[in-house]
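Chains as they are written, first to last, in the working numbering: chain C, 1 to 274; chain G, 1001 to 1288. All C-beta atoms, glycine included, are put in the ideal place defined by N, C-alpha and C.
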Amino acid sequence: MARETAKAGEFQRFNIHHRIQHIMMFSSFILCTITGLPIKYNGSFWAPAVTSFFGGFDTMFAIHLVGAVVMLACSAYHLVYLVIYPLVVRKPATTRKYPPAEAYRKISRGLASYPGLAMLPTPKDVLDLLQNMRYFLGLSPEKAKFGRYSYKEKFDYWAVFWGMAIMGGSGLMMWFPHLAAEYFPRWIIDAARYAHSDEAMLAILAIFVWHFFNVHFNPTFFPMNFVWFHGKMNRELMEEEHPDELRELEERMPVATGRGKSQVRPVGVKNYGR
Amino acid sequence: MYPYECNRGLIILLGSVIVLAIFLAFTPAVAFAEEGSQSQKNAQCLQCHGQPQLSAEVDGQKVSLYVDQKQLQQTVHAGLDCASCHQGKDKLPHADVKYDLALAREVQAACQTCHAGIAEDYKKSIHAQTGVATCSSCHGSHDILPVSDPASKAYAKNLPETCGSCHEKQIIESYEESFHGKAISLGSTQAASCVSCHGSHDILPQDDPASRVARANIPQTCAQCHQTPQTNFAAGIEHFELAPEGPGMPMYYTFKFFTWLTILAMTLLIIHMELELYRRLKDTGRSR
Chain C
1 MARETAKAGE FQRFNIHHRI QHIMMFSSFI LCTITGLPIK YNGSFWAPAV TSFFGGFDTM
61 FAIHLVGAVV MLACSAYHLV YLVIYPLVVR KPATTRKYPP AEAYRKISRG LASYPGLAML
121 PTPKDVLDLL QNMRYFLGLS PEKAKFGRYS YKEKFDYWAV FWGMAIMGGS GLMMWFPHLA
181 AEYFPRWIID AARYAHSDEA MLAILAIFVW HFFNVHFNPT FFPMNFVWFH GKMNRELMEE
241 EHPDELRELE ERMPVATGRG KSQVRPVGVK NYGR
Chain G
1001 MYPYECNRGL IILLGSVIVL AIFLAFTPAV AFAEEGSQSQ KNAQCLQCHG QPQLSAEVDG
1061 QKVSLYVDQK QLQQTVHAGL DCASCHQGKD KLPHADVKYD LALAREVQAA CQTCHAGIAE
1121 DYKKSIHAQT GVATCSSCHG SHDILPVSDP ASKAYAKNLP ETCGSCHEKQ IIESYEESFH
1181 GKAISLGSTQ AASCVSCHGS HDILPQDDPA SRVARANIPQ TCAQCHQTPQ TNFAAGIEHF
1241 ELAPEGPGMP MYYTFKFFTW LTILAMTLLI IHMELELYRR LKDTGRSR
């Protein structure tokens, strides 16, 4: 299947930053899961075995903190990327040639197509969800047509965003309790420990059940959707998963590749296709 | 081959003397000086107390008087006479026989002969003042082991159980749920056990101003491990109960919130997955 459509063209769905961030996130996530679960379920029969595998509690906990540092670095990377990348890609100089109203129009059009903003929830996501429900139940012959990001992907993204705030915040509070105590009463730090342990459980379940179903066990992708590795998606899969985005991209393609009009090239296309 | 063959006998004799001398040099003197007498005296005691069925009736309760010799041999006190701890029991029938706490207090007096410094500390403690917790309460008796031995009653990992045999269950459970407790239960050598904060032989109650856990002293006690004494860090209830009321309330509702968030989120996600699979299954059937 992949070979046939490879000729029809591939789309660069995730750039190198996306992919590095995802690799940092999942490796630290797995590390923190393995070294964290024995602490949550310290009374279980397997907890001492996992602990001794790491060479005792103190080493295991140190590795948990290493995972935490990688994960925090990953989210810092992502936040910086969100701000810096559009500035670099948009090339603001090109808009200076236009009168302000025109420039504003171009910037806002550019912003709308900026992948980072495409992650913001819209009313269409709710309609897409309802449409998919109808489709799943056999009440409609068509499934929802997604743009750059489906509601599932948006959910995953914001779940991680929220999760990072909870896990990172509570984790840092426990790591530096003497510092945290300068700003918060003791019960906040104690409550943060419960938040850390229970939000972790939610994240672990969501990732290993829901996310793994979507990208591993789903019949379309089994054993794995390799987009995390090469960042590419072929046309057939784009039609299946992101038809609205595909249409939009193809509408823009001639503009993006046309030599004479390259200055008004919409933002983000460089990121998208080739 | 052997020009000194005539001296072979002499060589063997000399060799034997050297081997014997080396052997004797590395043999502890106790083996000769005391082995006979100690095991003899203990054997006398164990003639009766080595019988598993030996018991007495005290206040209508059957009390076993059996001493497991094998267990005794594995303890840190294996080299001692029975009489080192049980003094004045050399006549039969034994004079002034005591049981339970009275027995523990009697034996405790003998502990001081070797552990004098610790006995000084202990005398200041609330355990000594109230007289209800003796040496053997925390260290055991015929199963006494060094504190560094993981099987010891006073080993960090076993302290919740040892202290919990007298102290409030809720306090112990709260500790076991805490990060300190979890780390210790998995064998951490750095986390705080009961005695890290409360002290051991000189333990005092919280309302005693000299106590390590008296309100004013808590920051200093935390600072044994955590950076710099912290008033805010030390303020608050350490052994809270995870309950909708009282000091554990914020933790209780945090716990409840995340539990229900997890149940809700996972239920919806699983429904979504199941519905998708249902549709895929139906489509598969149709295309065949």
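Exposure label - residue i; buried when at least 16 CB within 10 Å
i	result
G:D1202	buried
C:T51	buried
C:G171	buried
G:W1260	exposed
G:A1116	exposed
C:R148	buried
G:R1008	exposed
G:K1282	exposed
G:P1160	buried
G:L1010	exposed
C:R193	buried
G:E1035	Any reading at G:E1035 must be qualified, since the residue scores a pLDDT of 47, below 50, and its modelled position is unreliable; the value itself is stated next. With fewer than 16 Cβ atoms within 10 Å of its Cβ, G:E1035 is classed as exposed.
C:N223	Asn is not the amino acid found at residue 223 of chain C; the sequence shown has Pro there. Classification of C:P223: exposed, given that the 10 Å Cβ count is below 16.
G:T1134	buried
G:A1095	exposed
C:F57	buried
G:S1136	buried
C:P219	exposed
G:F1023	exposed
Separation of residue j from residue i, as counted between CA atoms
i	j	result
C:L127	C:E142	13 angstroms
C:G231	G:I1184	45 angstroms
C:K145	G:F1257	34 angstroms
G:C1111	G:E1176	31 angstroms
G:S1016	G:Q1190	53 angstroms
G:N1217	C:G168	31 angstroms
C:M133	C:L37	35 angstroms
G:N1105	C:A62	First, the residue type needs correcting, since residue 1105 of chain G is Arg and not Asn in the sequence shown. Each residue's alpha carbon lies about 45 angstroms from the other.
G:E1120	G:T1113	12 angstroms
G:C1222	C:H242	56 angstroms
G:L1014	G:L1020	10 angstroms
G:G1060	G:Y1099	13 angstroms
G:Y1122	G:K1153	17 angstroms
G:M1273	C:W210	7 angstroms
G:I1263	C:S44	22 angstroms
C:L246	C:L117	17 angstroms
G:F1148	G:A1102	It is Ser, not Phe, that sits at residue 1148 of chain G in the sequence shown. Rounded to the nearest angstrom, the two C-alpha atoms are 28 angstroms apart.
G:D1068	C:A165	58 angstroms
G:C1194	G:C1163	8 angstroms
C:L130	C:K152	13 angstroms
C:G67	G:Q1108	50 angstroms
G:S1178	C:A191	11 angstroms
C:V69	G:G1079	52 angstroms
Near the ligand MN: residue i beta-carbon under 7 angstroms from a heavy atom
i	result
G:A1216	Looking at this structure, you won't find the ligand MN or any other ligand, since it has none at all.
Beta-carbon contacts of residue i that lie in its chain and below 7 angstroms, excluding the five residues immediately before and after
i	result
G:A1033	Because G:A1033 carries a pLDDT of 48, less than 50, the predicted location of this residue cannot be relied on, and the following value inherits that uncertainty. The answer is none, since no qualifying residue turns up.
G:D1208	A1214
G:L1065	H1049, L1054, S1055 and A1056
G:A1234	I1218, P1219 and C1222
C:M119	Y149, K154 and Y157
G:M1001	Here G:M1001 scores only 46 on pLDDT, less than 50, and its place in the model is too uncertain to base an answer on.
G:Q1051	Y1066
Close beta carbons around residue i, own chain, < 6 angstroms, minus the five adjacent residues each side
i	result
G:G1199	R1212
G:P1247	I1237 and F1240
C:Y41	A47
C:M238	F11 and L246
G:G1181	Y1175
Cut-off 8 angstroms between Cβ atoms - residues of its own chain near residue i, not counting five sequence neighbours on either side
i	result
G:M1249	A1243
G:I1126	I1203, L1204, P1205 and D1208
Spell out a yes or no on whether the segment 1043–1058 of chain G and the segment 1126–1137 of chain G are touching, meaning 3 or more CB-CB pairs, one atom from each, closer than 8 angstroms. no
| said: To be precise: take each residue of the segment 42–57 of chain C, compare its Cβ to all Cβ atoms of chain G, and keep it if any distance is under 7 angstroms. Which residues remain? | reply: N42, A47, P48, T51, G56 and F57
- Query: Just by C-beta distance, which residues in the segment 12–39 of chain C are closer than 9 angstroms to chain G?
  - Reply: P38 and I39
Exercise. Decide if the segment 15–22 of chain C is in contact with the segment 174–184 of chain C; the criterion is three or more beta carbon pairs, one per stretch, under 8 angstroms apart.
Key: no
Three or more beta-carbon pairs under 8 angstroms between the segment 1083–1095 of chain G and the segment 1061–1075 of chain G, yes or no? no
Taking Cβ-Cβ distances below 7 angstroms as the criterion, which residues of the segment 1208–1222 of chain G are in contact with chain C?
none
- In the segment 131–142 of chain C, which residues sit with their C-beta less than 9 angstroms from some C-beta in chain G, listed in chain order? N132, M133, Y135, F136, L137 and G138
Check each residue of the segment 181–195 of chain C: if its Cβ is closer than 9 angstroms to any Cβ of chain G, include it; give the result in chain order. A181, E182, Y183, F184, P185, R186, W187, I188, I189, D190, A191, A192, R193, Y194 and A195
At a cut of 8 angstroms, does the segment 26–46 of chain C reach the segment 193–206 of chain C through at least three beta carbon pairs? yes
For the segment 1272–1286 of chain G, list every residue whose C-beta sits within 7 angstroms of some C-beta in chain C, in sequence order. M1273, L1275, E1276, Y1278, R1279, R1280 and K1282
Taking only beta carbons into account, state which residues of the segment 1158–1185 of chain G come closer than 7 angstroms to chain C, listed in chain order. F1179, K1182, A1183 and S1185
- [ ] May I ask you to list, following chain order, the residues of the segment 235–253 of chain C that have a beta carbon less than 9 angstroms from some beta carbon of chain G?
- [x] none
Note to self: Along the segment 1190–1206 of chain G, where does the CB come closer than 7 angstroms to a CB of chain C? Name the residues.
What the structure shows: Q1190
Quick one: which residues of the segment 1250–1270 of chain G get their C-beta closer than 9 angstroms to a C-beta of chain C? List them in chain order. P1250, M1251, Y1252, Y1253, T1254, F1255, F1257, F1258, T1259, L1261, T1262, A1265, M1266, L1269 and I1270
Contact residues within the segment 161–178 of chain C, judged by C-beta distance below 8 angstroms to chain G:
M174, P177 and H178
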